[in-house]
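**Q** What follows is a single structure, and I will ask about it in a moment.
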Amino acid sequence: MAANRRWYRLDNTGKIYPSITSTRVSTVFRVSATLKGKVDPVLLQNALDNIIERFPYFKVNLKKGLFWYYFEYAYHNPKVKKEVFYPCMFMFFKKKKTFPFRVLYYNRKISCEFSHSITDGTGAIAFLKTLLVEYFKLKGIKSTISKDILDIKSSVKQEEYEDSAHKYYKKDIPPPDLPKKAMHFPFKLNKKGEYYIITGILDVSQLKEQSRIYGCSITELLLALYFETIQDFVYSQDKRKRKRLKKRVVINLPVNLRRIFPSSTMRNFFISITPSIDLRLGKYNREELIKQVKNYLELNLNEKYLSMYISRNVNNEKNKLIRIIPLFIKNLIMPVIYQRFGESGYTSSISNLGLIVMPSEIEGLIERFEFYPPPSKGNIVKVGVASYKENIYISFGRLTKNTEIEKSFFRKIRKMNIYVKVETNLR
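Counting from 31, one number per residue, gives the positions in the sequence shown under our numbering.
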């Protein structure tokens, strides 16, 4: 009966996003596929029409309740649009008959942008992959259904729209320590409505070889290089500014909880862990950074540790005082809480969607996949990573025209004898 549902509660993670969203904190992220040929917008619309009923938990409009927002099933279909603005821009999904996601096209690129109120990277990729399979099917190219691609003729399963945080919540587990204030980049913000992307394209096998030499994973190497980049930036400043910036550098690392807990949900099911270094202790060399990151992840990527974050998040939602606060007051205080206990504790973030695999019948028709992180005033530089076939795509999203961080990061990779092709939408 899942397909017959007419309203959905926001999941535990998604509840905060409608209250904090703004032109500066859009909470919108993007997954995109660049094809080998130009996109046919008519076929793309037909493909979206064909698959959307298989995703009823996305085919919704946001509604106001007395205490919380909720999603109501929409009887009209979303429309694909030609891309004309910067990526990941503010989404008016509180507006009547507006969906919390959009499908865009431009030349050879198909992009799906989602509000984090409705899903995470895993759900977004499953939607995009299903859309691509149907799009090529309409072009006469059928493909086998593989992992993370939904059969649009199959019935909707209850597990797909469950709130897995509640499912794996354990009442008596203590919460993790509250985050402490972290260093932030002292860069000037762009004008509202401007979001710049710099993407580095490199051979994933070469990066994997360097990871093998250092005895770590690709994610661990990228984290260490990012810490090193930020550290170099701080030490390049004059003495007065350096003293002000020498604090804890904290990277927000989203973790897909489906890899730890058995879940098939298409909604949000992730938490963020926070590897860090303290520049007040002195300068770290690369080997020390890799060891620090590696040890942190080995200690914290396990069911027991991650359960503390699930417990904290669900306990906050179950708090009687929070529950009885009217929604209009929540909308006033949530942005303050998010800034104080969320973004103030992070310097930046890296989110790695990993290797994206498509059916063999159509994989050669797709050039690349990319992931753009949501823009944020508190963390004005973020990183999104995705791999496809032989390449890895590392995308810096930023609300500033300053490019020091990206340039330094990619130079470090080039010094490892890895060629990096850099693309940007900077005008």
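Backbone N, C-alpha and C fix where the C-beta goes; we use that ideal spot for every residue, glycine too.
Quick check: L252 and V452, are their CB atoms within less than 8 angstroms of each other?
**A** Here residue 252 corresponds to residue number 222 of the sequence shown, with the count starting at 1. Here residue 452 corresponds to residue number 422 of the sequence shown, with the count starting at 1. Not in contact: L252 and V452 (Cβ atoms no closer than 8 angstroms).
**Q** Along the chain, where does the beta strand (DSSP E) that runs through R297 open and close?
**A** Looking up residue 297 in the sequence shown gives position 267. From DSSP, R297 is part of no beta strand (DSSP E); its letter is neither H nor E.
**Q** Note down the Cα distance separating I354 from N421, rounded to an integer number of angstroms.
**A** One-based indexing of the sequence shown puts residue 354 at position 324. One-based indexing of the sequence shown puts residue 421 at position 391. Each residue's Cα considered, the two are about 50 angstroms apart.
**Q** How many angstroms separate the CA atom of K127 from the CA atom of E239?
**A** Position 97 of the sequence shown, counted from the start, is the residue given in the question as residue 127. Position 209 of the sequence shown, counted from the start, is the residue given in the question as residue 239. Approximately 49 angstroms, taken between the alpha carbons.
**Q** Let me confirm a value: M31 is counted as buried when at least 16 other C-beta atoms fall within 10 Å, else exposed. Which label applies?
**A** Sequence index remark: in the sequence shown, residue 31 carries index 1 (1-based). No answer about M31 holds up, because its pLDDT of 38 lies below 50 and its placement is not dependable.
**Q** Alpha carbon to alpha carbon, what distance is there between K313 and E102?
**A** Counting from 1 along the sequence shown, the entry for residue 102 is found at position 72. Counting from 1 along the sequence shown, the entry for residue 313 is found at position 283. In a straight line, the C-alpha of E102 is about 52 angstroms away from that of K313.
**Q** From the DSSP output, in three-state form, read off M31 for me.
**A** Locating residue 31 in the sequence shown gives position 1, where the first residue counts as 1. Bear in mind that the predicted position of M31 carries a pLDDT of just 38, short of 50, making it too unreliable to give a figure here.
**Q** Helix, strand or coil for G151 per DSSP?
**A** In the sequence shown, counting from the first residue as 1, residue 151 sits at position 121. Note: G151 maps to helix in three-state DSSP.
**Q** Report the residue ranges of all alpha helix (DSSP H) runs contained in full by the region 186-251; include only those spanning at least 4 residues, in chain order.
**A** Whole alpha helix (DSSP H) segments, 4+ residues: 188-191, 194-197 and 234-244.
**Q** The beta strand (DSSP E) that contains P284, what's its start and end?
**A** Translated into positions along the sequence shown, residue 284 becomes position 254. First-last of the beta strand (DSSP E) with P284: R278 to N286.
**Q** With P365 and C118 assumed to form a contact (beta carbons below 8 angstroms), what rounded beta-carbon distance in angstroms separates them?
**A** As a position in the sequence shown, residue 365 is number 335, starting the count at 1. As a position in the sequence shown, residue 118 is number 88, starting the count at 1. With a Cβ gap of about 18 angstroms, P365 and C118 do not count as contacting.
**Q** Taking the straight line between their C-alpha atoms, what separation do you get for C246 and K324?
**A** In the sequence shown, residue 246 corresponds to position 216, counting from 1. In the sequence shown, residue 324 corresponds to position 294, counting from 1. Going by the C-alpha atoms only, they are around 7 angstroms apart.
**Q** Can you tell me whether H146 is buried or exposed, with buried defined as 16 or more other CB within 10 angstroms of its CB?
**A** To locate residue 146, count along the sequence shown from 1; it is residue 116. Answer is buried; the Cβ neighbour count reaches 16.
**Q** From the DSSP output, read off the bridge partner residues of N421.
**A** Along the sequence shown, read from residue 1 onward, the residue named residue 421 stands at position 391. Note: N421 sits in a beta bridge opposite D233 and Y418.
**Q** State the start and end residues of the unbroken beta strand (DSSP E) segment that holds S145.
**A** Within the sequence shown, residue 145 is the residue found at index 115, counting from 1. Run containing S145: K139 to S145, per the beta strand (DSSP E) assignment.
**Q** Can you tell me whether DSSP reads Y339 as helix, strand or coil?
**A** Indexing the sequence shown from 1 puts residue 339 at position 309. In the structure shown, Y339 sits in a helix (DSSP, three-state: H, G or I).
**Q** Taking the alpha helix (DSSP H) that F371 falls in, what are its first and last residues?
**A** Your numbering for residue 371 matches position 341 in the sequence shown. Segment L357 to F371, the alpha helix (DSSP H) holding F371.
**Q** Quick one: what's got a C-beta closer than 6 angstroms to T454's C-beta in the same chain, skipping five residues either side?
**A** The sequence position of residue 454 within the sequence shown is 424, counting from 1. Result list for T454: I228, in chain order.
**Q** Could you give the distance in angstroms between the alpha-carbon of L168 and the alpha-carbon of Y335?
**A** Residue mapping note: residue 168 aligns to position 138 of the sequence shown, counting from 1. Residue mapping note: residue 335 aligns to position 305 of the sequence shown, counting from 1. Roughly 46 angstroms separates the two Cα atoms.
**Q** Return the CA-CA distance between Q315 and L158, expressed in angstroms with no decimal places.
**A** Residue 315 sits at position 285 when you count from the first residue of the sequence shown. Residue 158 sits at position 128 when you count from the first residue of the sequence shown. According to the sequence provided, residue 315 is Asn. The question's Gln does not apply to it. Going by the C-alpha atoms only, they are around 40 angstroms apart.
**Q** Can you list, in chain order, the residues of its chain with a C-beta nearer than 7 angstroms to that of A77? Leave out the 5 residues immediately preceding and following it.
**A** On the sequence shown, position 47 is the one that residue 77 refers to. L161, E164, Y165 and L168, listed in sequence order.
**Q** Between the region 218-226 and the region 329-349, do at least 3 Cβ pairs fall closer than 8 angstroms?
**A** Touching, no.
**Q** Check each candidate in I148, S176, K273 and S306 and name the one with the smallest Cα separation from V280.
**A** For the purposes of this step, residue 280 is identified with residue 250 of the sequence shown, where counting begins at 1. Nearest of I148, S176, K273 and S306 to V280, Cα basis: S306.
**Q** Going by beta-carbon coordinates alone, are L287 and S141 separated by less than 8 angstroms?
**A** By 1-based counting over the sequence shown, the position of residue 287 is 257. By 1-based counting over the sequence shown, the position of residue 141 is 111. Contact flag unset, no.
**Q** Rounded to the nearest angstrom, what separates I81 and Y99 at their Cα positions?
**A** For the purposes of this step, residue 81 is taken as residue 51 along the sequence shown, with counting starting at 1. For the purposes of this step, residue 99 is taken as residue 69 along the sequence shown, with counting starting at 1. Between I81 and Y99, the C-alpha separation is close to 26 angstroms.
**Q** Taking R441 and Y423 to be in contact with their CB atoms under 8 angstroms, please state how far apart those CB atoms are, rounded to whole angstroms.
**A** Within the sequence shown, residue 441 is the residue found at index 411, counting from 1. Within the sequence shown, residue 423 is the residue found at index 393, counting from 1. Not confirmed; about 18 angstroms, so no contact.
**Q** Starting from Q91, follow its DSSP beta bridges and name the residues at the other end.
**A** Counting from one through the sequence shown, the residue named residue 91 turns up at place 61. First, the amino acid is wrong: residue 91 is Asn here, not Gln. Partner(s): E102.
**Q** For F440, which three-state DSSP category applies?
**A** By 1-based counting over the sequence shown, the position of residue 440 is 410. Of the three classes helix, strand and coil, the one that applies to F440 here is helix, per DSSP.
**Q** Using a Cβ-Cβ cutoff of less than 7 angstroms, which residues in the same chain neighbour R444 once the five nearest sequence positions on both sides are dropped?
**A** Here residue 444 is taken as the residue at index 414 of the sequence shown, counted from 1. Within the same chain, R444 has close Cβ partners V450.
**Q** If the criterion is Cβ atoms closer than 8 angstroms, does the pair K431 and Y226 meet it?
**A** Here residue 431 is taken as the residue at index 401 of the sequence shown, counted from 1. Here residue 226 is taken as the residue at index 196 of the sequence shown, counted from 1. Yes, Cβ-Cβ distance for K431 and Y226 is below 8 angstroms.
**Q** Judging by CA-CA distance, which residue of L357, G427 and L237 is the nearest neighbour of G95?
**A** To locate residue 95, count along the sequence shown from 1; it is residue 65. Selected option, being the one with the closest Cα: L357.
**Q** Of the choices Y198, I171, K210 and T43, whose alpha-carbon is the least far from that of K277?
**A** Here residue 277 refers to the residue found at position 247 when the sequence shown is read from its first residue. Here the closest residue by C-alpha is K210.
**Q** Taking only the alpha-carbon atoms, compute the straight-line gap between T57 and V90 and give it to the nearest angstrom.
**A** Indexing the sequence shown from 1 puts residue 57 at position 27. Indexing the sequence shown from 1 puts residue 90 at position 60. For T57 and V90, the distance between alpha carbons rounds to 17 angstroms.
**Q** Let's see if you can read the secondary structure: which residues bound the beta strand (DSSP E) around D79?
**A** The residue given as residue 79 occupies position 49 in the sequence shown. No beta strand (DSSP E) holds D79; the alpha helix (DSSP H) holding it covers P71 to I81.
**Q** Can you tell which of S235, T304 and L319 has the C-alpha that lies nearest to the C-alpha of Q261?
**A** The residue you call residue 261 lines up with position 231 of the sequence shown. Ranking the options by Cα distance to Q261, first place goes to L319.
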